[in-house]
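Chains as they are written, first to last, in this note's numbering: chain A, 1 to 230; chain B, 231 to 460.
Even for Gly, the Cβ is constructed at its ideal location relative to N, Cα and C.
Keep in mind that this is a model prediction, so the values were computed, not measured.
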DNA sequence: GATAGAGAATTGTTCAACAATCCCGCAATC
DNA sequence: GATTGCGGGATTGTTGAACAATTCTCTATC
């Protein structure tokens, strides 16, 4: 290398696309997706033999994938008993909301990245459209994207990843409720208010409203959760 | 079980002590410790053969341990090249401080768990004693415990674990600086002020001081980091 | 000094084996 | 009738060897 080439950074950005992922990671990817979309419901046991045969990978590779997802808290590993799709307790849900509240309200209040506000607005719009057409699953997805966008205001890659993980985990809670589809709809109005306040630059007020959202949503979710099989 | 026995919960709490850990986890434990205390410095490559022979475990088990630590961001895994002790960039350090600021200031401001304030005070005391006796390594440890105690005010097991992980990661930064020993000492006074404010119940003021701490510490650390081999 | 290629070393993945542990059903016991 | 003790079968935990894929190293070459 004669000097730092200007195009080097450009190509470096594409490095990730270069298929340099192990099979264990790809296996983890499909399992994660299946857990998130509910095909593998909480409590399900994943035996090494069945899963390995189904995905056509060796037991060792599968175990590597399992470890990954255990670390992400989507699976739990019981020694000599196997791995299971995690079943959240009511306390788990409460804690999940507690840390979300911390991250999201702080991100909104500090709001280091005003350029990311439009993404918040877009997520709210998607949710409203989905609700109008009664696509409840999409309403839920849009709602999660809304909160992801709020956390993203912090401008921290790491907060972003943490949020992604928290929301994936939260899906576990919805999958054991009897009517998860309509859980998010009531909050669409509140989301809209928060987004408008942010667009208007009123961060402190937006943070306050968000705090109120958490009070309401947490209480309702935990109640619904306890009732329907928590 | 005729009914839910009263002592069952008591024993359940001790379940963790029951040695139910895999060798992979134990291997991860010793590697983690070695990384944290600096015996394995950033950039070091851990070959499967050497490490496996040294710890007397098979390659498969070792790879499981590696995965664990990669997920904790203490190691990085390069496909077909091996695993290395992570080298933090200046941007990594900045992001680390950003999320710490979010978590700690929120925890202090909300302070759901006043009963945990004494732990904060104790950590400051330990730091002061260590500084008086010029045990700089212990000053650093006490400082980390101070911040861990601040985050613990949130009363969330999950925040606690996140903090532990963040601080472990931060050790990686100190290990590449030329004089990490004395980095924490200047902040002892500020720590004391924050602890006193908290003991006095003045949470909002404590949070403000903490915010100031982050401004100072981050700037100084990043500067020192960039200079000494960042 | 830079480049290309051959050979060595290392990682990625699979497979087979055995030990350790758990699960389930059945008999024995109180 | 409920609990306990005890097998046999199934599953996980861990190891070792094997081979493919990739990277590293060193030398020859220009």
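Practice prompt. Quick one: list the residues of chain A neighbouring residue 389/B, beta-carbon separation under 9 Å, in chain order.
Written response: 95, 98, 99, 102
Discussion item. For residue 298/B and residue 343/B, which I take to be in contact (beta-carbon distance under 8 Å), what is that distance rounded to the nearest angstrom?
Written reply: Wrong, their Cβ atoms sit about 30 Å apart, outside the cutoff.
Worksheet item: Do the region 320-330 of chain B and the region 410-421 of chain B meet, that is, are 3 or more Cβ pairs less than 8 Å apart?
Response: When Cβ pairs closer than 8 Å are counted between the two stretches, the region 320-330 of chain B is seen not to touch the region 410-421 of chain B, the count staying below three.
Discussion item. I'd like to check one pair, residue 313/B with residue 276/B: are the Cβ atoms closer than 7 Å?
Written reply: yes
Practice prompt. Put residue 308/B into one of helix, strand or coil per three-state DSSP.
Written response: strand
Practice prompt. Taking only the alpha-carbon atoms, compute the straight-line gap between residue 363/B and residue 304/B and give it to the nearest angstrom.
Written response: The straight-line gap separating the alpha-carbon atoms of residue 363/B and residue 304/B is approximately 31 Å.
Worksheet item: How many angstroms separate the CA atom of residue 115/A from the CA atom of residue 360/B?
Response: If I take the Cα positions, the gap works out to 45 Å.
Worksheet item: At a CB-CB cut-off below 7 Å, which residues of chain A make contact with residue 274/B?
Response: By Cβ distance, chain A contributes nothing, its closest Cβ being about 22 Å from residue 274/B, past 7 Å.
Practice prompt. Can you grab the Cα-Cα spacing for the pair residue 428/B / residue 91/A, in whole Å?
Written response: Roughly 27 Å separates the two Cα atoms.
Worksheet entry | Contact set for residue 171/A: own chain, Cβ-Cβ below 6 Å, skip 5 residues either direction | 36
Discussion item. Can you list, in chain order, the residues of its chain with a C-beta nearer than 6 Å to that of residue 460/B? Leave out the 5 residues immediately preceding and following it.
Written reply: Any reading at residue 460/B needs caution, since the residue's pLDDT is 44, under 50, leaving its predicted position unreliable; the model's value is listed next. If we look at residue 460/B and ignore the five residues flanking it on each side, its Cβ neighbours are 320.
Worksheet item: Taking only beta-carbon atoms, is residue 41/A less than 7 Å away from chain B?
Response: no
Fill in: Per-residue contacts from residue 60/A into chain B (C-beta, under 7 Å)
Near residue 60/A (Cβ distances below 7 Å), the residues of chain B are 290.
Worksheet item: Between which two residues does the alpha helix (DSSP H) harbouring residue 114/A extend?
Response: From DSSP, residue 114/A is part of no alpha helix (DSSP H); its letter is neither H nor E.
Discussion item. Between 211/A, 72/A, 38/A, which has its C-alpha nearest residue 150/A's C-alpha?
Written reply: 211/A
Worksheet entry | Buried versus exposed call for residue 80/A [16 or more other C-beta atoms within 10 Å across all chains shown] | Exposed: under 16 other Cβ atoms inside 10 Å.
Item to complete: Using alpha carbons as the reference points, say which of 260/B, 403/B, 292/B, 335/B lies closest to residue 450/B.
Response: Comparing Cα positions, the closest option is 403/B.
Practice prompt. Please classify residue 257/B: is it buried, with 16 or more other beta-carbons within 10 angstroms of its beta-carbon, or exposed?
Written response: That one is buried.
Worksheet item: Where does the unbroken alpha helix (DSSP H) through residue 164/A begin, and where does it stop?
Response: 157-174
Fill in: Where the alpha helix (DSSP H) containing residue 220/A begins and where it ends
Looking at the DSSP string, the run of the alpha helix (DSSP H) that includes residue 220/A is 203-227.
Worksheet entry | Alpha-carbon spacing of residue 300/B relative to residue 316/B, whole angstroms | 9 Å
Worksheet item: Given that residue 413/B touches chain A, what residues does it touch there, using C-beta distances under 7 Å?
Response: Around residue 413/B, no beta-carbon contact reaches into chain A at under 7 Å, the shortest distance being about 22 Å.
Worksheet item: Where does residue 159/A land, buried or exposed, given buried means 16+ other C-beta within 10 angstroms?
Response: Around the beta carbon of residue 159/A, 16 or more other beta carbons lie within 10 angstroms, which makes this residue buried.
Worksheet item: What span of residues does the alpha helix (DSSP H) with residue 193/A cover, start to end?
Response: 188-199
Item to complete: Assign residue 317/B to one of three DSSP states: helix, strand, or coil.
Response: coil
Discussion item. Given a cut-off of 7 Å on the beta-carbon distance, is the pair residue 339/B and residue 422/B in contact?
Written reply: In this structure, residue 422/B does not lie closer than 7 Å to residue 339/B by Cβ.
Worksheet item: Among 436/B, 352/B, 445/B, 446/B, which residue has its Cα nearest to the Cα of residue 336/B?
Response: 436/B
Worksheet item: Is it true that the CB of residue 143/A sits closer than 7 Å to the CB of residue 155/A?
Response: A distance of 7 Å or more separates the beta carbons of residue 155/A and residue 143/A.
Practice prompt. Determine the closest residue to residue 194/A out of 121/A, 183/A, 165/A, with distance taken between C-alpha atoms.
Written response: 121/A
Worksheet entry | Among 396/B, 262/B, 255/B, the one whose alpha carbon lies nearest that of residue 334/B | 396/B
Worksheet item: What number of angstroms, rounded off, separates the C-alpha of residue 453/B from the C-alpha of residue 331/B?
Response: Distance between the alpha carbons of residue 453/B and residue 331/B: 18 Å.
Item to complete: Using DSSP bridges, identify the partner residues of residue 46/A.
Response: 83/A
Item to complete: Please list the partners that residue 49/A has in chain B, where partner means a Cβ-to-Cβ separation under 8 Å.
Response: By Cβ distance, chain B contributes nothing, its closest Cβ being about 17 Å from residue 49/A, past 8 Å.
Discussion item. So with CB distances below 8 Å, who are the chain A contacts of residue 335/B?
Written reply: 106
Worksheet item: Who are the Cβ neighbours of residue 33/A in its own chain at under 7 Å, not counting the five residues just before and after it?
Response: none
Worksheet entry | N- and C-terminal bounds of the alpha helix (DSSP H) containing residue 69/A | 59-71
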